[in-house]
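Participant: Encoded as structure tokens, here's the structure I'll be asking about.
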Amino acid sequence: MKAEMHGETWRPWSGTLDGQRLRFGPIVRAGLRIALRKKLPLVLLFLPPVVATIIFSFVVYTVAALAQGMVPAGLGAAGGAMGQALGGGQNSLAGDFVQQLVRVREMIVGFHLSTDLFSLLLMAWFGAGLLAEDRRSGAHLLYFARPLTRTDYLLGKFSIVALFGVLGSMLPGLVIITVAVAASPDWSFLQQEGSVIWKTLLFGGAWTIVVSSVVLAVSSLASRRSYALAGVFAFFMFSGAISQLLARLLKDRDWLALSPVQCGIRIAEALFDLKMPVRDWNTTIAWTSWALMVGVSWAIIVWRTRRLEVV
Amino acid sequence: MSVVRLQSVVKTYPRGKVRALDGLTVTVPQGAVGLLGPNGAGKTTLLKILLGLIRPEEGEVEVDGHKPTTRAGQLQLRQLVGYMPESDCLIPGQTGVETVVLLARLSGLSDKDALSRAHEVLDYVGLEEARYRPVEGWSTGMKQRLKLAQALVHDPQLLLLDEPTNGLDPAGRRHMLDLILDLGHGRGKSLLVCTHLLADVERTCDHVIVLSKGRVLASSPVGALVGEDRRSVRVQASGDLRAYRQALQARGMPVDTQEDGSLAVRLTAEDADPLFEVALHCGVTIRSVQPQRSSLEQSFLEALAAQEAQA
Chain R
4 MKAEMHGETW RPWSGTLDGQ RLRFGPIVRA GLRIALRKKL PLVLLFLPPV
54 VATIIFSFVV YTVAALAQGM VPAGLGAAGG AMGQALGGGQ NSLAGDFVQQ
104 LVRVREMIVG FHLSTDLFSL LLMAWFGAGL LAEDRRSGAH LLYFARPLTR
154 TDYLLGKFSI VALFGVLGSM LPGLVIITVA VAASPDWSFL QQEGSVIWKT
204 LLFGGAWTIV VSSVVLAVSS LASRRSYALA GVFAFFMFSG AISQLLARLL
254 KDRDWLALSP VQCGIRIAEA LFDLKMPVRD WNTTIAWTSW ALMVGVSWAI
304 IVWRTRRLEV V
Chain V
52 MSVVRLQSVV KTYPRGKVRA LDGLTVTVPQ GAVGLLGPNG AGKTTLLKIL
102 LGLIRPEEGE VEVDGHKPTT RAGQLQLRQL VGYMPESDCL IPGQTGVETV
152 VLLARLSGLS DKDALSRAHE VLDYVGLEEA RYRPVEGWST GMKQRLKLAQ
202 ALVHDPQLLL LDEPTNGLDP AGRRHMLDLI LDLGHGRGKS LLVCTHLLAD
252 VERTCDHVIV LSKGRVLASS PVGALVGEDR RSVRVQASGD LRAYRQALQA
302 RGMPVDTQED GSLAVRLTAE DADPLFEVAL HCGVTIRSVQ PQRSSLEQSF
352 LEALAAQEAQ A
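Residue numbers (the working numbering), protein chains in the order written: chain R, 4 to 314; chain V, 52 to 362.
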């Protein structure tokens with residue numbers, strides 16, 4: 004839409020209106036256009052995951068290369084030093100091939116958990132205003148005077164937040180896995196640790212759904228974007244603090260399930276088969292807690308959106 | 052032929068226990084129709100019911116053969132109706148043309164049609180290069196025109212305009228009224244113009260419906276309400292006007308002296324013969340007798356006064 008003048012005059016329209024098509028697509032496109040308009044938040048919020056992805060890709064590539072007894076071209080002495088730092092020298096890495104692949108998997112999980120926090124920032128920043136600002140600016144009167152269902156409206160809004168979640172949590176993980184697969188000898192990472200791919204997709208998808216739902220629920224309750232943003236951060240911080248406090252006071256680690264972040268860590272450990280007894284609490288409770296958070300969030304979203312459409 | 056039909060519609064707002072529509076029964080004919088009433092008469096509630104944005108507790112509603120009280124009916128009629136809300140509403144972060152394109156897409160137009168139609172209607176309402184600027188910085192008049200443009204973009208047969216001249220300066224008001232006049236009379240659209248400004252209705256509409264306290268006080272062609280009142284006449288005469296005035300009042304005919312010296316006389320008989328009889332008796336020469344035109348405001352106030360008297 005470049006800035007040029009159009010000379011058309013208004014005239015009767017002879018076409019037919021499409022009555023069947025799902026209408027959330029235009030909402031997603033409009034939402035993304037608005038989100039991409041301001042460059043500084045994009046740079047600030049995407050830079051850390053991008054840098055982390057590049058660094059982790061390099062480390063994973065190095066570990067995989069060392070595992071097959073090769074120092075990557077151009078690394079020279081630095082590669083040897085890194086090999087020492089990563090696990091006791093080049094020879095031992097080459098000698099214990101499977102163990103190194105497990106280390107790659109663990110690195111991917113660790114990377115996952117760190118980028119998920121960045122994805123939380125992304126989803127909160129770009130999703131907090133989606134429903135709150137629509138209400139404040141009266142946009143719902145324009146939307147719902149159209150043949151738009153609440154499902155289409157919510158699907159459009161959810162897709163915007165979820166897309167940033169996918170970019171922040173799933174995509175970096177898949178990039179690292181691709182590097183690991185490509186760097187491992189004879190596709191051995193794919194053969195030995197191939198399940199990491201679907202586990203990454205499952206974990207990233209579940210995390211995205213949980214956070215997107217919470218962000219939209221808070222947005223539907225807030226009267227403006229800044230309040231919604233504060234509400235999202237308050238929810239994640241307070242739920243984390245309270246869950247830790249209750250777990251210590253009552254000496255029952257299942258209380259950690261009150262925090263979506265703690266649930267995420269527990270689920271990741273269980274899903275990627277990591278042995279970390281310090282976090283050894285019931286994984287089913289963690290999954291149930293996530294499901295409950297999504298259920299309650301959507302109950303709030305549907306209730307609030309219904310009030311937007313029908314008084 | 053009617054475009055809207057309401058039968059015994061009741062809507063109560065539970066918070067204020069206000070009966071916004073109190074058994075409203077009305078038929079809206081094709082053409083430009085003014086919906087008049089004081090603040091709180093139920094005008095905006097009526098418009099929202101017609102779009103299905105508010106659900107009535109009782110009664111039947113039909114808009115162009117569709118029932119806005121059912122889900123299917125709502126979606127169908129929203130393709131046929133254009134709605135210009137009263138309140139300040141915009142889609143945050145978007146330019147004028149993006150707003151209209153998005154809403155056109157949601158109405159069922161293809162990408163290409165939506166863009167060309169958006170420019171056509173923005174040209175029509177007189178939004179020139181401003182269309183490429185974010186709408187948050189626009190003046191009230193520009194926002195009003197944008198609201199009209201988005202209501203027109205899918206070329207609906209029925210337009211629901213809620214206080215279209217609200218907040219406009221005299222030039223902006225004149226422009227908006229010209230557009231409404233053109234839509235109703237030049238483009239053959241059916242309009243329901245909701246306003247409390249009588250002059251707007253008098254200028255743009257063919258038919259008027261007067262609402263008060265959720266009921267219809269009057270529904271008739273504008274011409275019938277503002278037309279000639281044969282029982283009120285303006286008399287220009289020469290001679291002893293003081294004696295003439297006293298004699299007329301003695302015969303039971305109320306008389307007001309106008310600024311130009313003429314007399315406004317309310318006749319008690321079907322014809323003007325008594326005027327001449329009294330004039331002959333007083334030695335006054337009558338130069339002209341003209342029917343006095345009553346204003347819509349006068350009719351409106353009379354209708355309200357009659358309702359008050361009944362209450």
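Ideal placement from N, C-alpha and C gives every residue a C-beta, glycine not left out.
Applying the 10 Å Cβ sphere with the 16-neighbour rule, what's the burial state of R65 of chain V?
Facilitator: Along the second sequence, one-based indexing puts residue 65 of chain V at 14. At residue 65 of chain V the sequence reads Pro, which differs from the Arg that was named. Classification for P65 of chain V: exposed.
Participant: Which chain V residues sit within Cβ distance under 9 Å of W3 of chain R?
Facilitator: Nothing can be reported for residue 3 of chain R, as the shown portion of chain R is limited to 4 through 314.
Participant: Mind the definition here: the stretch 109-117 of chain R touches the stretch 139-148 of chain R only if three or more C-beta pairs lie below 8 Å; say whether that holds.
Facilitator: Output reads no: the stretch 139-148 of chain R does not touch the stretch 109-117 of chain R.
Participant: Assuming S215 of chain R contacts F161 of chain R (C-beta within less than 8 Å), just tell me the rounded distance between them.
Facilitator: Sequence index remark: in the first sequence, residue 215 of chain R carries index 212 (1-based). Sequence index remark: in the first sequence, residue 161 of chain R carries index 158 (1-based). With 8 Å as the limit, S215 of chain R and F161 of chain R qualify as a contact, their Cβ atoms being about 6 Å apart.
Participant: Are the CB atoms of R309 of chain R and A289 of chain R nearer to each other than 8 Å?
Facilitator: Along the first sequence, one-based indexing puts residue 309 of chain R at 306. Along the first sequence, one-based indexing puts residue 289 of chain R at 286. The answer is no: Cβ separation not under 8 Å.
Participant: For a cutoff of 8 Å on Cβ pairs, would you count Y146 of chain R as touching chain V?
Facilitator: Residue 146 of chain R sits at position 143 when you count from the first residue of the first sequence. Closer than 8 Å: yes.
Participant: Chain V beta carbons: is any one of them nearer than 8 Å to that of L295 of chain R?
Facilitator: Indexing the first sequence from 1 puts residue 295 of chain R at position 292. Judged by the 8 Å Cβ criterion, L295 of chain R is not in contact with chain V.
Participant: On the three-state DSSP scale, how would you describe E179 of chain V?
Facilitator: Stepping through the second sequence from its first residue, residue 179 of chain V is reached at position 128. The answer is coil: DSSP assigns E179 of chain V none of H, G, I, E or B.
Participant: Please state whether DSSP places W190 of chain R in a helix, a strand or coil.
Facilitator: For the purposes of this step, residue 190 of chain R is taken as the residue at position 187 of the first sequence. Three-state DSSP puts W190 of chain R in a helix.
Participant: Could you tell me whether any Cβ in chain R is nearer than 8 Å to the Cβ of D139 of chain V?
Facilitator: Here residue 139 of chain V is taken as the residue at index 88 of the second sequence, counted from 1. Output row for D139 of chain V: interface = yes.
Participant: Evaluate M193 of chain V with the Cβ neighbour count: other Cβ atoms within 10 Å of its Cβ, from every protein chain shown; 16 or more gives buried, anything less gives exposed.
Facilitator: Counted from its first residue, the second sequence places residue 193 of chain V at position 142. The residue in question, M193 of chain V, is buried, as its Cβ has 16 or more Cβ neighbours within 10 Å.
Participant: Is any beta-carbon of chain R found at less than 8 Å from that of G144 of chain V?
Facilitator: Here the question's residue 144 of chain V lines up with position 93 in the second sequence. Yes, its Cβ sits closer than 8 Å to a Cβ of chain R.
Participant: Where do the N-terminal and C-terminal ends of the alpha helix (DSSP H) with T319 of chain V fall, by residue?
Facilitator: Position 268 of the second sequence, counting from 1, holds the residue named residue 319 of chain V. Run containing T319 of chain V: none; DSSP gives neither H nor E here.
Participant: Mind checking if A127 of chain R is an interface residue toward chain V, Cβ cutoff 8 Å exclusive?
Facilitator: Here the question's residue 127 of chain R lines up with position 124 in the first sequence. No, A127 of chain R does not count as interfacial toward chain V.
Participant: Using CA coordinates, which residue listed in V:P89, V:V84, V:Q81 and V:A71 is at the minimum distance from I100 of chain V?
Facilitator: Reading the second sequence from its first residue, position 49 is the one you call residue 100 of chain V. Here the closest residue by C-alpha is V:A71.
Participant: Suppose you measure from the CA of G133 of chain V to the CA of L178 of chain V; what does that come to, to the nearest Å?
Facilitator: Taking the first residue of the second sequence as position 1, residue 133 of chain V is located at position 82. Taking the first residue of the second sequence as position 1, residue 178 of chain V is located at position 127. Distance between the alpha carbons of G133 of chain V and L178 of chain V is about 19 Å.
Participant: For K264 of chain V, tell me which candidate among V:G93, V:P119 and V:S158 has the shortest Cα-Cα distance.
Facilitator: Working through the second sequence from its first residue, we reach residue 264 of chain V at position 213. Of V:G93, V:P119 and V:S158, the residue nearest in Cα terms is V:G93.
Participant: By the criterion of Cβ-Cβ separation under 8 Å, what are the contact partners of P136 of chain V in chain R?
Facilitator: Residue 136 of chain V sits at position 85 when you count from the first residue of the second sequence. G141, L144, L145 and A148, listed in chain order.
Participant: When burial is assigned at 16 or more other CB atoms within 10 Å of the CB, is W306 of chain R buried or exposed?
Facilitator: In the first sequence, counting from the first residue as 1, residue 306 of chain R sits at position 303. It is exposed - the Cβ of W306 of chain R has fewer than 16 other Cβ atoms within 10 Å.
Participant: Using the three-state DSSP reduction, which class does Q87 of chain R fall into: helix, strand or coil?
Facilitator: The residue given as residue 87 of chain R occupies position 84 in the first sequence. Bear in mind that the predicted position of Q87 of chain R carries a pLDDT of just 49, short of 50, making it too unreliable to give a figure here.
Participant: Given this structure, state the Cα-to-Cα distance separating P325 of chain V from G334 of chain V, to the nearest angstrom.
Facilitator: Stepping through the second sequence from its first residue, residue 325 of chain V is reached at position 274. Stepping through the second sequence from its first residue, residue 334 of chain V is reached at position 283. Straight-line Cα distance between these residues: approximately 14 Å.
Participant: Which residue from V:G88, V:L160 and V:T120 puts its Cα closest to that of L57 of chain V?
Facilitator: By 1-based counting over the second sequence, the position of residue 57 of chain V is 6. Comparing Cα-Cα distances from L57 of chain V to each of V:G88, V:L160 and V:T120, the minimum goes to V:T120.
Participant: What in chain V is Cβ-close to A33 of chain R, meaning under 8 Å?
Facilitator: Locating residue 33 of chain R in the first sequence gives position 30, counting from the first residue. Simply I142, Q145, E149 and L153.
Participant: According to DSSP, is T191 of chain V part of a helix, a strand, or is it coil?
Facilitator: By 1-based counting over the second sequence, the position of residue 191 of chain V is 140. Helix, per DSSP.
Participant: Ends of the beta strand (DSSP E) at E272 of chain R?
Facilitator: Along the first sequence, read from residue 1 onward, the residue named residue 272 of chain R stands at position 269. From DSSP, E272 of chain R is part of no beta strand (DSSP E) but of the alpha helix (DSSP H) over P263 to L274.
Participant: Assign K240 of chain V to one of three DSSP states: helix, strand, or coil.
Facilitator: Position 189 of the second sequence, counting from 1, holds the residue named residue 240 of chain V. Coil.
Participant: Suppose the cutoff is 7 Å on Cβ atoms and the five residues either side in sequence are ignored; what does the same chain contact list for P52 of chain R look like?
Facilitator: Within the first sequence, residue 52 of chain R is the residue found at index 49, counting from 1. Contacts found: T118, F121, G171 and P175.
Participant: Could you name the residues that DSSP lists as bridge partners for I303 of chain R?
Facilitator: Your numbering for residue 303 of chain R matches position 300 in the first sequence. In DSSP, I303 of chain R forms no bridge with anything.
Participant: Mapping the DSSP letters down to three states, classify L248 of chain V as helix, strand or coil.
Facilitator: Position 197 of the second sequence, counted from the start, is the residue given in the question as residue 248 of chain V. Coil, per DSSP.
Participant: Mapping DSSP to helix, strand and coil, what is Q309 of chain V?
Facilitator: Taking the second sequence and counting its residues from 1, the one referred to as residue 309 of chain V is at position 258. Residue state, collapsed to three classes: coil.
Participant: Are the CB atoms of S270 of chain V and V54 of chain V nearer to each other than 8 Å?
Facilitator: Stepping through the second sequence from its first residue, residue 270 of chain V is reached at position 219. Stepping through the second sequence from its first residue, residue 54 of chain V is reached at position 3. No, these two residues do not count as a Cβ contact at 8 Å.
Participant: Determine the direct distance from the alpha carbon of S262 of chain R to that of A250 of chain R, and round the result to whole angstroms.
Facilitator: In the first sequence, residue 250 of chain R corresponds to position 247, counting from 1. In the first sequence, residue 262 of chain R corresponds to position 259, counting from 1. So the alpha carbons of these two residues sit roughly 11 Å apart.
Participant: For D21 of chain R, go through chain V and note every residue whose CB falls closer than 7 Å to its CB, in chain order.
Facilitator: Along the first sequence, read from residue 1 onward, the residue named residue 21 of chain R stands at position 18. The contacting residues are G159.
Participant: Please report the straight-line C-alpha distance between P107 of chain V and T286 of chain R, rounded to a whole angstrom.
Facilitator: For the purposes of this step, residue 107 of chain V is taken as the residue at position 56 of the second sequence. For the purposes of this step, residue 286 of chain R is taken as the residue at position 283 of the first sequence. Approximately 49 Å between the Cα atoms of the pair.
Participant: DSSP state of L160 of chain V, grouped into three classes?
Facilitator: Here the question's residue 160 of chain V lines up with position 109 in the second sequence. Reduced to three states, the DSSP call for L160 of chain V is coil.
Participant: Kindly list, in the order they appear in chain V, the residues whose Cβ is closer than 8 Å to that of R40 of chain R.
Facilitator: Here residue 40 of chain R refers to the residue found at position 37 of the first sequence. In chain order: G144.
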